[in-house]
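Worksheet for the structure shown next.
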Amino acid sequence: MVSPEVLGIPVKMEPQATEGKPAMLKAFQDLTGVVDSSGLCLFTTFAWGLSDIQPQIQAACEGDWSEERLLLVGERIWNMEREFNLAAGLTGKDDNLPPRLMNEAAKTGPHKGAVSKLDVMLPEYYRVRGWTPEGVPTAETRARLGV
Numbered sequence: 000m001v002s003p004e005v006l007g008i009p010v011k012m013e014p015q016a017t018e019g020k021p022a023m024l025k026a027f028q029d030l031t032g033v034v035d036s037s038g039l040c041l042f043t044t045f046a047w048g049l050s051d052i053q054p055q056i057q058a059a060c061e062g063d064w065s066e067e068r069l070l071l072v073g074e075r076i077w078n079m080e081r082e083f084n085l086a087a088g089l090t091g092k093d094d095n096l097p098p099r100l101m102n103e104a105a106k107t108g109p110h111k112g113a114v115s116k117l118d119v120m121l122p123e124y125y126r127v128r129g130w131t132p133e134g135v136p137t138a139e140t141r142a143r144l145g146v
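As numbered in numbering that gives the first Met the number 0, the sequence shown has no gaps in its residue numbers, which increase by one up to the final residue, 146.
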């Protein structure tokens with residue numbers, strides 16, 4: 000996993016905590032969209048932050064590729080993928096995990112007794128993304144991103 004220092008997270012996140020995880024996931028997803036569309040290999044960039052990736056894209060591409068613009072591009076990519084999935088018939092109801100992870104507590108290990116807290120985090124994730132409670136990008140999000 001990428002170190003908290005690279006991500007700009009001051010402390011290690013507790014695995015069973017939910018606070019802040021939807022925002023962290025969005026940041027990872029947006030940055031992954033940037034890396035995937037740049038031609039860089041995602042697997043070689045796990046220890047890199049945006050400040051490591053931006054100069055490479057700036058050197059290879061015409062125009063101004065600031066960190067802010069790259070994050071906006073990554074967010075746009077993620078929302079365009081969401082729009083594609085919605086058009087294909089997927090809905091927020093498909094944003095789930097297998098019942099076993101949601102209902103059966105871990106039997107052993109450091110997370111013994113734990114189950115997924117997706118039901119707690121998904122509404123916050125939709126809010127952070129600028130989506131409706133049903134998981135659809137809002138008109139404001141679409142307009143802001145030009146989607």
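From the three backbone atoms N, C-alpha and C, an ideal C-beta is built for every residue, glycine too.
Fair warning: this is a prediction, and the values are worked out from it, not measured in the lab.
Beta-carbon proximity list for residue i, same chain, < 7 Å, skipping 5 on both sides
i: residue 0; result: Reliability of the predicted coordinates at residue 0 is poor, the pLDDT of 40 falling under 50, and no value is obtained from them.
i: residue 41; result: 31, 34, 35
i: residue 29; result: 70, 73, 74, 77
i: residue 104; result: 112, 113, 114
i: residue 17; result: 116, 119, 120
Assumed close pair residue i, residue j - CB separation to whole angstroms, cut-off 8 Å
i: residue 145; j: residue 81; result: Rounded, the Cβ-Cβ distance is 14 Å, inconsistent with contact.
i: residue 102; j: residue 119; result: Not a contact, Cβ separation roughly 14 Å.
i: residue 137; j: residue 78; result: About 10 Å; that fails the 8 Å criterion.
i: residue 133; j: residue 88; result: 14 Å between Cβ atoms; not a contact.
Beta-carbon proximity list for residue i, same chain, < 6 Å, skipping 5 on both sides
i: residue 123; result: 21
Backbone secondary structure at residue i - three-state DSSP
i: residue 91; result: helix
i: residue 96; result: coil
i: residue 0; result: At residue 0, the pLDDT of 40 sits below 50, so the modelled position is not reliable; the number obtained from the coordinates is stated separately. If DSSP states are grouped into helix, strand and coil, residue 0 belongs with coil.
i: residue 55; result: helix
i: residue 86; result: helix
i: residue 12; result: coil
i: residue 74; result: helix
i: residue 133; result: coil
Endpoints, alpha helix (DSSP H) assigned at residue i
i: residue 63; result: Run containing residue 63: none; DSSP gives neither H nor E here.
i: residue 139; result: 138-144
i: residue 123; result: 117-128
Cβ-based neighbour list, residue i, same chain, cut-off 8 Å, excluding 5 preceding and 5 following
i: residue 71; result: 144
i: residue 96; result: 115, 117
i: residue 142; result: none
i: residue 66; result: 49, 50, 53
Within the segment 19-49, note down every full alpha helix (DSSP H) run reaching 4 residues or more, in order along the chain. You should have 20-37.
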